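Written below as structure tokens is the structure these notes are about.
Numbering (full-length UniProt numbering), first residue to last: 1 to 318.
Printed below as a string of structure tokens:
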């Protein structure tokens, strides 16, 4: 029997998992698993991100994106395939779509890269950009690790199953600017701020955006708006976790729709954290998630192979 269709994303308190009380921890794990098997999204409070830090981060990000185009392009490095630094307008096209998204963005990776991992690139003009993006990166990485522990327990794995797989992982903090459209009549047909897509990674942690627009596709084909309270972040399952669990945990299609015509001339800012494992993580479906009723859906791949495939599909890698 299919679980009930939800009209909104369930809300949970991460403190219930970390409080030390076995009963509240158990309930958090069950509720998180229920949300991720149903709609793939959940709103979380007590995630470690302060309102003060969020405001300072958005201020630094906005100051960068309001620079002249030529100034921003100094920080664009195509040879990094969009994994670090600035990625300009028209560069990313959602899988299956022919028109690029109406956005520009900036990527920050591991603050202390290891091995052949690329180093971060930061704008010289705003030292606070590096300060606050790095602080938020570490905050979200810690929250993500805690959530992955709860997910591991839900899946019947050891609590620290993901720990060594995400240590020095390829996680990305993405500062997004959905730029103003001064003349809506000139927008290419079918172009939207972010076309319908699933995220590549294990889980995504998203702080509240500066404007509405995020929608998630429910199982019955209906799009529902996602809104989080100011003290919440939105967390969703990515394609890598979907593959690992043989679609038990759902990577749900979502999008960012264009605003009404009268609001097209305004900016929208959003800052998701894409939690990736290291490239060598095996994404083969867990045996416990495969059965006669639920046969294996995906071919075996490493996280690195899957990321490479998706970067090519998005047009960031040729």
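Just so you know, even glycine gets a beta-carbon here, dropped at the ideal spot from N, CA and C. Remember, predicted model here, so these are calculated numbers, not experimental data.
What is the DSSP secondary structure of residue i, reduced to helix, strand or coil?
i	result
residue 29	helix
residue 214	strand
residue 240	helix
residue 104	strand
residue 62	helix
residue 86	strand
residue 93	coil
residue 282	strand
residue 124	coil
residue 151	helix
residue 161	coil
residue 288	helix
residue 73	helix
residue 309	helix
residue 4	coil
residue 166	helix
residue 113	coil
residue 21	coil
residue 34	helix
residue 67	coil
residue 143	helix
residue 136	helix
Per DSSP, residue i forms a beta bridge with which residues?
i	result
residue 13	45
residue 302	282
Between residue i and residue j, which are expected to be in contact by the criterion C-beta below 8 Å, what is the C-beta distance as a whole number of angstroms?
i	j	result
residue 282	residue 238	Incorrect: roughly 16 Å between the Cβ atoms, too far for contact.
residue 195	residue 255	6 Å
residue 102	residue 154	No, residue 102 and residue 154 are not in contact; Cβ-Cβ is about 37 Å, not under 8 Å.
residue 313	residue 56	Not really, about 35 Å apart at Cβ, beyond 8 Å.
residue 99	residue 193	Their Cβ separation, rounded to whole angstroms, is 12 Å, which puts residue 99 and residue 193 out of contact at 8 Å.
residue 143	residue 14	7 Å
In whole angstroms, give me the CA-to-CA distance for residue i and residue j.
i	j	result
residue 123	residue 130	8 Å
residue 43	residue 233	6 Å
residue 170	residue 104	21 Å
residue 168	residue 160	15 Å
residue 145	residue 36	16 Å
residue 135	residue 114	19 Å
residue 298	residue 236	20 Å
residue 59	residue 289	43 Å
residue 120	residue 16	35 Å
residue 25	residue 19	7 Å
residue 280	residue 89	31 Å
residue 172	residue 295	32 Å
residue 267	residue 246	38 Å
residue 231	residue 38	23 Å
residue 275	residue 205	8 Å
residue 29	residue 213	29 Å
residue 243	residue 284	7 Å
residue 277	residue 300	16 Å
residue 12	residue 151	14 Å
residue 109	residue 118	8 Å
residue 223	residue 190	17 Å
residue 69	residue 188	21 Å
residue 126	residue 158	43 Å
residue 174	residue 308	18 Å
residue 48	residue 207	11 Å
residue 79	residue 311	13 Å
residue 112	residue 6	40 Å
residue 271	residue 286	31 Å
residue 291	residue 218	25 Å
>> At 3 residues or longer, what runs of the beta strand (DSSP E) sit wholly inside the UniProt domain "Fe2OG dioxygenase" (168-277)?
In response: 172-178, 194-197, 203-207, 214-217, 223-225, 232-237, 254-256, 268-270, 272-275
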